[in-house]
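Below is one structure; the comments refer to it alone.
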Amino acid sequence: MAIEVGNGKWHGSVGGIVCAPIEKVWTLVSKTKRLPEWMPMVERCSSLADDDEPGYVRLVLGFMFPQQDGERSWNKERLVAVAWIQLIQGKVSK
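Residue numbers (full-length UniProt numbering): 1 to 94.
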């Protein structure tokens, strides 16, 4: 199942099947500082505010958007909404 969210201009989605307990998976994927552990194209991710709260900003360094010169790219991302129940299919809630 893929979850897709957007605000009209930008959108993102994530989906997949993992053979592990939901609590263990959620501990990993819900923390900004752990993004490089499960997303191979990310080298570093730093948060400019508290994670998980709409409005927080994170800086991501890596090869998500390849540059013509082959260099890394920086992305500045702002969390606009969180759909906890949808993200974890109602098995664990915040």
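Glycine residues also receive a C-beta, built at the ideal position from the N, C-alpha and C atoms.
- Looking at W38, V57 and E37, the one whose alpha-carbon comes closest to that of S46 is V57.
- For L59, the enclosing beta strand (DSSP E) has its first and last residue at V57 to G62.
- Boundaries of the beta strand (DSSP E) harbouring K76: S73 to R78, taken from the DSSP string.
- Annotation: E71 to F63 spans about 8 Å, alpha carbon to alpha carbon.
- Under the three-state reduction of DSSP, V82 is assigned to coil, being neither helix nor strand.
- With a cutoff of 8 Å on beta-carbon distance, L35 and V18 are scored as not near each other.
- Taking the Cα positions, L28 is about 14 Å away from P40.
- Distance between P66 and E23, taken at the CA atoms: about 33 Å.
- Looking at the backbone, the Cα of G55 and that of K33 are separated by about 17 Å.
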